[in-house]
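Line by line, the protein sequences are chains A and B. So for the first sequence, our numbering puts the first residue at 1; every next one is plus one. So for the second sequence, our numbering puts the first residue at 604; every next one is plus one. To start, the structure itself, in C-alpha cells.
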Amino acid sequence: MTSFRDRLHGLTPRPPSTDDWAARAATTGRARRRTRNVAASAAAAAVVALAAVLATQYLPGIGDGQNADGRIPATPLPAGSTGPVAAPCPREASDYVDGTTITLPLGAVSLRWCTGGGDAMLSEYPPPEPLTRGLDAWVTAFNALPKLPRDAACTADWSIPGAALLTYADGTTRMVAGMRAGCGTIGGRGGFEAMRTRTIDALTAQRTSMFGNQAPPAESSQPCAAHGSTIPARLEWITGAVVCEGYPTPTAKEVASSSLPALLADLRHHHRSAGDGIIADGPTMQLLQANGEMLVLTFSLSSGVWTFSLDGAQRSWSPDEASRVAIAQASTPTTPSAITPVPPASPTIPSEGTVPACSLPASLAPASGLPSGATKVWFCSNWRFGPAEPLDTHLDEFLASTGGGIEPCLANPQDESFVAVYPDGTAVKLRMPAGACHPQPRAVTTFVRLMTEQRSAPGWTPTVVAPPQKLCAWDSWQTLMPVRLQDVTQVRFCDLSKVTQDDGSRVAGLVLKPTDAQTLLDDLATHSSPSGSTAPSAPQTTAPGVNTGRVVLALLRTNGELIWVRAMPSSTTALTWTDSAGQPMQWTPDAASAAILEALQPR
Amino acid sequence: MTTMVQTRTGRDWSSFDEFVQLRGPALWRSAWLLTGDRQRAEDLVQDALARCWSKFDRLNTADDNYEAYVRKAIFNAHLGWWRRGTWRERTRELDDTADLRPEVPLASSDEGDLARALAGLPRQQRAVIVLRYYDDLTEAQTADLLGVSVGTVKQHAHRALANLRRSPHLAEADRAVLPTDPMEQP
Chain A
1 MTSFRDRLHG LTPRPPSTDD WAARAATTGR ARRRTRNVAA SAAAAAVVAL AAVLATQYLP
61 GIGDGQNADG RIPATPLPAG STGPVAAPCP REASDYVDGT TITLPLGAVS LRWCTGGGDA
121 MLSEYPPPEP LTRGLDAWVT AFNALPKLPR DAACTADWSI PGAALLTYAD GTTRMVAGMR
181 AGCGTIGGRG GFEAMRTRTI DALTAQRTSM FGNQAPPAES SQPCAAHGST IPARLEWITG
241 AVVCEGYPTP TAKEVASSSL PALLADLRHH HRSAGDGIIA DGPTMQLLQA NGEMLVLTFS
301 LSSGVWTFSL DGAQRSWSPD EASRVAIAQA STPTTPSAIT PVPPASPTIP SEGTVPACSL
361 PASLAPASGL PSGATKVWFC SNWRFGPAEP LDTHLDEFLA STGGGIEPCL ANPQDESFVA
421 VYPDGTAVKL RMPAGACHPQ PRAVTTFVRL MTEQRSAPGW TPTVVAPPQK LCAWDSWQTL
481 MPVRLQDVTQ VRFCDLSKVT QDDGSRVAGL VLKPTDAQTL LDDLATHSSP SGSTAPSAPQ
541 TTAPGVNTGR VVLALLRTNG ELIWVRAMPS STTALTWTDS AGQPMQWTPD AASAAILEAL
601 QPR
Chain B
604 MTTMVQTRTG RDWSSFDEFV QLRGPALWRS AWLLTGDRQR AEDLVQDALA RCWSKFDRLN
664 TADDNYEAYV RKAIFNAHLG WWRRGTWRER TRELDDTADL RPEVPLASSD EGDLARALAG
724 LPRQQRAVIV LRYYDDLTEA QTADLLGVSV GTVKQHAHRA LANLRRSPHL AEADRAVLPT
784 DPMEQP
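Here it is in C-alpha cells:
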C-alpha cells in the first residue's frame, strides 16, 4: 500500500547532479572562515555596545516609553470615565494590527485580554473580567521578549488577533497587539503565544483565588457570535447549550434546559479519543458557562459524531438517543435572554442560517407528516442552498407527500427540514432525516418538482440575492433546485490554490467579463457530453463528505443558485458539471475557453 | 528506506565528498518539498553544506549524526530566509503554486493535487510535515531540529494535517494515506 511518504517522494523531481557540490561547499566554507575571523574582533566591540543599550532599556523607569523605538503615546480613558478602571476592548479589527516594537512601563492596574476579528468564524470570546494581579511581572516578561527585526516579513495566515490592553493608575491605557500566526508577535516582539498563555494562566489563578472552585459570575454574552472562547469552559460549570447553524451568520438554537443535565451526563461519560480521519465540517454546539465562556463541539457530517478539545486532546462523542433528540429539538428562544441569535446580515444564498422562516419557533410535525392548510412551505438545510422563496402553490399535493415513515430515524445535524407556515402564524417543522435513514425522499422530490412548476408560471422572477462572501470556499455546498445553463447570469473563477490564505478574491472568486463568461457558457453547452455516471433518480439526501474534484468555475443565477464546474482528478483537461436533469456531464474546453481559463490562473 | 535508517541512527562517512555524493540528493528532495523551487532548494543545500563543511571532522561520528546537523542548517536557513524577508525578491514565483508542481511527468494528476495542498500550508507546518513524514524524524528529533518544543511540533503537525484534510485539492487517494493526527492519539 502506498504510504504518505511515498506520495511525497513521488512529487519531488529528479535531483540535480551533485558531482561538484562537495568541492563548491569546501571552497565557500574556507572563504567564510577567513571572513569570520576578520569580523570577530568587530563583533566583540558591538556586543559591548549592545549590552550597554539593553541595560539602559530595562532599568526601572528608564524604559517608560522613552527609547526611540519603544515610545508609544499613552491613551487617556474616554471622557466620563472615573478612575483607573479596566478600559473596554476596541471593536475594530484594524485596532489589532501589530505596530512598532513597544516597551511597557510598570505600574499597570488592570489588564484586559482582547480579541479582534470579523465574522463568527474568526472571532473568539475573550475573558470577561480583567486581570488585576501580578501585572508588573507580566509587563517585565513582555519587555524581555525579543524584538522582531524591522525588516521581518510575516505571512498573513489565518489567525485570531489578540491584544493586552493595560490601564494605568492615571487612567491612561496602552495596548500591545499581535496574532499567533505569521511571526507570532505581540507589540512588535516575538512571543504572542507565550503572553497569551501567561495571561490565561494568571486569570485562571485569579479566579481560583476569588471564587474558589465555583463558577465565575454571570456576564452577558452572545452565543454563536464567536467560534470559541479564549479560556475554554469547564464541563462542571455549564449552564446552557446552543446549536449554531448556518453561514455566514449562524443562528443560535437553545437546547431545552430540562434536557441539559442528561445531555451533559451523556457527554461526560461517553466521550472518547477522536479517531483518525474525522472531518469536523458540520454545525457547532456551544456549551456555555454563565460568564459566556464555552466548550465548543463540532459535528462531523460524514462521521456522525461530535468532536471537541478537552485538556488539549481531541475527543469525540456519539450522543445517545435522548441527547440527539434534545439537540434536534433545539430552537430559537422566544423570550429575550442572554442567549440571542446573531442579527441577520444582508441577503445571501438561502440556507438554514439565512432563511428567516428556518429560525421560526416551530412545533415538530407528527409522524404522519405536515398538517394540511399551510400557506407557505420553506426548505431548510445546513449543507446545500435552498430556494430563496417558499413554495406557495400546489401545497395540498406537497403536504400529502410528506406523510409516513420519517420520524423513526435518529436526529442528526445534517438533517434537513420543511417549515410550514399556517394562517394563524404558527409554524410546524418536519425533519427530513439524512442519508440511508431515509431512502425514499419523496417529499424532497415533490418539493423540487412543484417549485419548478411554480417558477414556470408567467411573471415569476427570481429573487435577487448575494452569494456568500466566501463563495469558493463553500464549494462542498450544493444547490437543491436544478439550474439551466440559459439561466446563468454570472461566471466566477474559483482559485483555491492557497486555501490557508483567506484573502478576498481567492475565496470570493474572480468574476469573469460578460464576453468571456458567454464564451465559456456557449462552449459548455456545445462541447459537453454525458459522463460515465448515471443521473440520480432523486435529489441527493446525504450531506457531502469530501469534495471530488477541485472547483474551477461557479455558474450563478441571480437568485444565488449555481452550478459548480470541477476539475476531474483523473484528467488534466476535462471538467465536470451536472446539468438541470441531474445528469453528470463532462466538458473539454475548446481552444478559446482554454485560453480564458489559462489567463485566469494565478501568476 | 535504508537511507532513512541512516538518518535516524547516524553513521560515520569516509569523507565529506562521500557524504555529499550519497546524501545530497535526499537533502535536495527535502529542500524541494520545503520550497517548491529547484534552484532555491539547491541554494539551500549548498549554503548548508558550506556552513557545515568545517564541522565534518568533529561531528562525523555515529553518535553526533552529521546529517542531522546539515539538515538543521537547511531548515534554519529556510525559516530564517522567510524571516529576513528576502522572499520578497521571489514573491511572484512563490504565489504561483506551479512551483510546487512536479517537473517530471506524473503517473496521474492526483499527485498534482497533493502538491497544491502542500503549497497551501504555512512554512512551519510544511517544515514539520517534511521532517516528520518525509524525513521520518521522531517528534523529539523534529523539535530539536527546529528549536521548538515537542508540543509545538504536535500542534504544527495537527494543523498541517487538518489543513491537508480540508484542502479541496487533495485527491481521495492522498486523503486516505494521510498519517494519524498526533493530537488525536490517546
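Glycine included, C-beta positions come from ideal geometry on N, C-alpha and C. These numbers come from a predicted model, not from an experiment.
{"Item": "Roughly how many angstroms lie between the CA atoms of R566 (chain A) and L625 (chain B), to the nearest whole one?", "Value": "43 Å"}
{"Item": "Spell out whether any CB of chain B is found under 9 Å from the CB atom of Q486 (chain A).", "Value": "no"}
{"Item": "Per DSSP, W383 (chain A) is paired with what?", "Value": "Answer is none; W383 (chain A) lacks a bridge partner."}
{"Item": "Please compile the residues from chain A whose C-beta is within a distance smaller than 8 Å of the C-beta of W631 (chain B).", "Value": "P15, P16 and T18"}
{"Item": "Taking only beta-carbon atoms, is D646 (chain B) less than 9 Å away from chain A?", "Value": "no"}
{"Item": "Name the two residues that bound the continuous beta strand (DSSP E) containing I238 (chain A).", "Value": "I238 to E245"}
{"Item": "With which residues is R272 (chain A) paired in a DSSP beta bridge?", "Value": "A:S316"}
{"Item": "Between the C-alpha atoms of R431 (chain A) and A233 (chain A), what's the straight-line distance to the nearest angstrom?", "Value": "31 Å"}
{"Item": "Could you list which residues in chain A have their beta carbon closer than 7 Å to that of A653 (chain B), in chain order?", "Value": "A25, T28, G29 and R32"}
{"Item": "With DSSP as the reference, label A25 (chain A) as helix, strand or coil.", "Value": "helix"}
{"Item": "List the residues of chain A whose Cβ lies closer than 9 Å to the Cβ of L748 (chain B), in chain order.", "Value": "What L748 (chain B) touches in chain A: nothing, since even the nearest Cβ is about 17 Å away."}
{"Item": "Would a C-beta distance cut-off of 9 Å place V176 (chain A) and A163 (chain A) closer than the cut-off?", "Value": "yes"}
{"Item": "What is the C-beta distance between Q289 (chain A) and T239 (chain A), in whole angstroms, given that I count them as a contact (C-beta under 8 Å)?", "Value": "6 Å"}
{"Item": "Please identify the residue among A:A517, A:L310, A:P350 and A:C244 whose C-alpha is closest to the C-alpha of V464 (chain A).", "Value": "A:P350"}
{"Item": "For my contact list, G373 (chain A) and G403 (chain A) are in at a C-beta cut-off of 8 Å; report their separation, rounded to the angstrom.", "Value": "The pair is not a contact, with the Cβ atoms about 14 Å apart (cut-off 8 Å)."}
{"Item": "With distances taken Cα to Cα, identify the nearest neighbour of H681 (chain B) among B:T741, B:L717, B:R729 and B:F659.", "Value": "B:R729"}
{"Item": "Does any residue of chain B bring its CB to less than 9 Å from the CB of A543 (chain A)?", "Value": "Note on A543 (chain A): pLDDT 44, under 50, position unreliable in the model; the coordinate value appears next. With 9 Å as the cut-off, A543 (chain A) does not count as an interface residue toward chain B."}
{"Item": "Mind listing which residues of the segment 310 to 323 of chain A have their C-beta closer than 8 Å to chain B's C-betas, in chain order?", "Value": "G312, A313 and Q314"}
{"Item": "With distances taken Cα to Cα, identify the nearest neighbour of L395 (chain A) among A:C380, A:P371 and A:P387.", "Value": "A:P371"}
{"Item": "What is the DSSP secondary structure of S259 (chain A), reduced to helix, strand or coil?", "Value": "coil"}
{"Item": "Please name the residue, chosen from A:L8, A:G178 and A:A466, that lies closest to R719 (chain B) on a Cα-to-Cα basis.", "Value": "A:L8"}
{"Item": "Whose CA, out of A:S110, A:L131 and A:Q206, lies closest to the CA of G171 (chain A)?", "Value": "A:S110"}
{"Item": "Just to confirm, are V419 (chain A) and C472 (chain A) a CB contact at a threshold of 9 Å?", "Value": "no"}
{"Item": "Using 9 Å as the limit for Cβ to Cβ distance, is T578 (chain A) near chain B?", "Value": "no"}
{"Item": "If you reduce the DSSP assignment to three classes, tell me which class K513 (chain A) lands in.", "Value": "coil"}
{"Item": "In whole angstroms, what separates the C-alpha of T18 (chain A) from that of L652 (chain B)?", "Value": "12 Å"}
{"Item": "Judging by CA-CA distance, which residue of B:G639, B:V731 and B:M786 is the nearest neighbour of K675 (chain B)?", "Value": "B:V731"}
{"Item": "In chain order, what residues of the same chain lie with their CB nearer than 7 Å to the CB of S417 (chain A), ignoring the 5 residues before and after it?", "Value": "C380, K429, L430, R431 and M432"}
{"Item": "Residues of chain A with CB closer than 7 Å to the CB of Q649 (chain B), please, in chain order.", "Value": "W21, R24 and A25"}
{"Item": "Roughly how far, in whole angstroms, is the beta-carbon of V325 (chain A) from the beta-carbon of M285 (chain A), given that I think they are within contact range, below 8 Å?", "Value": "That belief does not hold up - the Cβ atoms of V325 (chain A) and M285 (chain A) are roughly 14 Å apart, past 8 Å."}
{"Item": "Ordered along the chain, which non-local residues of its own chain (more than five positions away) have a Cβ less than 6 Å from that of S401 (chain A)?", "Value": "R442, A443 and T446"}
{"Item": "Helix, strand or coil for T612 (chain B) per DSSP?", "Value": "A caution first: T612 (chain B) carries a pLDDT of 41, below 50, which makes its placement in the model unreliable, though a value can still be read off. T612 (chain B): helix per DSSP, three-state reduction."}
{"Item": "Mark E561 (chain A) as exposed unless 16 or more other C-beta atoms lie within 10 angstroms of its C-beta, in which case mark it buried.", "Value": "buried"}
{"Item": "Assuming S607 (chain A) and W474 (chain A) are in contact, meaning their beta carbons sit under 8 Å apart, how far apart are those beta carbons, in whole angstroms?", "Value": "It is not possible to answer for residue 607 (chain A), since the shown part of chain A is limited to 1 through 603."}
{"Item": "I need the DSSP call for W460 (chain A), collapsed to helix, strand or coil.", "Value": "coil"}
{"Item": "Using the C-alpha atoms, what's the distance from P785 (chain B) back to K757 (chain B)?", "Value": "6 Å"}
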